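First comes the structure, then the notes that go with it.
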Amino acid sequence: MKIPFSPPYINKAVIQEVNSALESGWITTGPKVKRLEELVSKYTLAPNTLCVNSATSGLMLALKWYGIGAGDEVIIPAYTYAATALAVIHVGATPVMVDVSDDFNMSVNHMENAITNKTKAVIPVDIAGWPCDYSEIQSTLNRKKSLFNPNHENQKKLGRILIISDSAHSIGATYKKEYLGSITDLTVFSFHAVKNVTTAEGGAVCLNLPEPFINQDEYNYLRCFSLNGQTKDAFTKSKAGGWRYDIIYLGLKINMPDILAAIGVAQLPEYFEKTLENRIEIYEFYHNFFKTKSWAILPPYKNDDKTSSCHLYALRIKNISETTRDIIIDKISKEGVAVNVHFQPLPMLTIFKDMDYDISHYPIAYNNYKSEISLPIYPQLTNKELEYIIITVNNAVESTI
Ligand SMILES: *Cc1c(COP(=O)(O)O)cnc(C)c1O
Numbered sequence: 084m085k086i087p088f089s090p091p092y093i094n095k096a097v098i099q100e101v102n103s104a105l106e107s108g109w110i111t112t113g114p115k116v117k118r119l120e121e122l123v124s125k126y127t128l129a130p131n132t133l134c135v136n137s138a139t140s141g142l143m144l145a146l147k148w149y150g151i152g153a154g155d156e157v158i159i160p161a162y163t164y165a166a167t168a169l170a171v172i173h174v175g176a177t178p179v180m181v182d183v184s185d186d187f188n189m190s191v192n193h194m195e196n197a198i199t200n201k202t203k204a205v206i207p208v209d210i211a212g213w214p215c216d217y218s219e220i221q222s223t224l225n226r227k228k229s230l231f232n233p234n235h236e237n238q239k240k241l242g243r244i245l246i247i248s249d250s251a252h253s254i255g256a257t258y259k260k261e262y263l264g265s266i267t268d269l270t271v272f273s274f275h276a277v278k279n280v281t282t283a284e285g286g287a288v289c290l291n292l293p294e295p296f297i298n299q300d301e302y303n304y305l306r307c308f309s310l311n312g313q314t315k316d317a318f319t320k321s322k323a324g325g326w327r328y329d330i331i332y333l334g335l336k337i338n339m340p341d342i343l344a345a346i347g348v349a350q351l352p353e354y355f356e357k358t359l360e361n362r363i364e365i366y367e368f369y370h371n372f373f374k375t376k377s378w379a380i381l382p383p384y385k386n387d388d389k390t391s392s393c394h395l396y397a398l399r400i401k402n403i404s405e406t407t408r409d410i411i412i413d414k415i416s417k418e419g420v421a422v423n424v425h426f427q428p429l430p431m432l433t434i435f436k437d438m439d440y441d442i443s444h445y446p447i448a449y450n451n452y453k454s455e456i457s458l459p460i461y462p463q464l465t466n467k468e469l470e471y472i473i474i475t476v477n478n479a480v481e482s483t484i
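Residue numbers (this note's numbering): 84 to 484.
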């Protein structure tokens, strides 16, 4: 049996929606993007949503919106995909990496200790779809308000460190009964091909800024900023008599095209109404099997405060070395099951090593990494395939440890 890790979920509805964009005479940012933004806001209750061409761009946009640049610090977990850090570096600021907790997410204690008078934002990451402890993060930042040193209009208006959640994994996850998107100041979702909802490439920034911000005004600004700072998008300009425009900000060119938005327009309602539930069922299937194994550490997926979007099934194996984990992965792969590791902690990657980040400062991140194997999870998996996966993983582990 051959089981891929994360094929996209493409059905007739997706193909029809994409065809309708292709046949409409308009293929880049236009009505489909607007529809996808409305749908994200409808399901997550985010006051406003802006779609962009990736979550990486969305993070950069969020940082730039807050005037973050050279000399500023942004706190991020050491355990995440590289984009969280790269976005910070691309705007000229310094990523301050902190260690994580046993649930894979940024440790709020370590975050607190890393705050300085240069800290302008924190980017918690909901690893595998498991929401961070947002109330604790919020109250910690409120407590540290006196250290905050604003030097941009939006920083003065907010008066504290900005929370941008990297929710690349966690659309559909809930925190205190509310969907992510309406929890933190800014939430960035990814619609990359391997994520729970996809547009092939794409992302969304949900705006949920407190007063005195007017989210609609900030949305209008960001929309213009994401289109080269141009006062009219191409769709508006294409109408008769609409030719004149101006460039008013040094913006980015990170808008989402309608052809791609169409994929998301077809997927999003089905995700919230059905395929998210399929993911939860798969999680529970894995859980019921692995909880009987004394060597297994199960990933968190629900408690009184949180439910996961079940993006990754991050299985860990007690007390194993990185080498043993790699041997287990080889055995599983030889049986045709594609698995993965999420993530290599950032300080283990060349670019960050060259900047003097050192993995020895992040023992929990390393420990989570060295014992982790991500199993396939997507709605198309059949019961037969799921049975095959657990038997294959179990045989590989028990013949190795
Ligand atoms: C996928 C991912 C991103 C980047 O998403 P893109 O849309 O590919 O830019 C950012 N952060 C995390 C944690 C991710 O897994």
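Built from N, CA and C at the ideal position, the CB exists for glycine as well. Every value quoted in this text rests on a predicted model; they were computed, and no experiment measured them.
inquiry  = If you measure from each CB to the nearest heavy atom of ligand 1 and keep those under 6 Å, what residues do you get, in chain order?
reply    = S137, A138, T139, T163, Y164, A166, T167, V208, D249, A251, H252, S273, H275, G286
request  = Could you check what DSSP says for V205 in three-state terms: helix, strand or coil?
outcome  = strand
query = Terminal residues of the continuous alpha helix (DSSP H) containing P114?
reply = 114–127
ask   = Within the chosen definition, does the segment 191–211 reach the segment 367–376 through at least 3 CB pairs nearer than 8 Å?
value = no
key: Euclidean distance between Cα positions of G334 and K228   = 30 Å
inquiry  = Using the three-state DSSP reduction, which class does A165 fall into: helix, strand or coil?
reply    = coil
request  = Would you mind giving the Cβ-Cβ distance between P160 and M180, rounded to the nearest angstrom? I have them listed as a contact below 8 Å.
outcome  = 7 Å
Identity of the residue in V174, I172, N196 nearest V183 by Cα = N196
message = Between the alpha carbons of N242 and I412, how many angstroms are there, rounded?
response = Before going on, a small fix: residue 242 reads as Gly here, not Asn. Between G242 and I412, the C-alpha separation is close to 48 Å.
query = In the DSSP assignment, what residue or residues form a beta bridge with S457?
reply = A397, N423
ask   = Among Y164, E219, I98, D185, which residue has its Cα nearest to the Cα of H275?
value = Y164
task = Check each candidate in E481, I400, L458, L469 and name the one with the smallest Cα separation from N451.
result = I400
ask   = With a Cβ-Cβ cutoff of 7 Å, do A256 and S137 count as a contact?
value = no
A145, buried or exposed, once every other Cβ within 10 Å from all chains shown has been counted against 16 = buried
ask   = When you compare only the Cα positions, how much space is there between I337 and V174?
value = 14 Å
task = Return the CA-CA distance between A168 and W213, expressed in angstroms with no decimal places.
result = 20 Å
inquiry  = If you reduce the DSSP assignment to three classes, tell me which class Q299 lands in.
reply    = helix
request  = Using 10 angstroms around the beta-carbon of Q99, count the other beta-carbons present and answer buried if the total reaches 16, otherwise exposed.
outcome  = exposed
query = Alpha carbon to alpha carbon, what distance is there between F296 and E470?
reply = 51 Å
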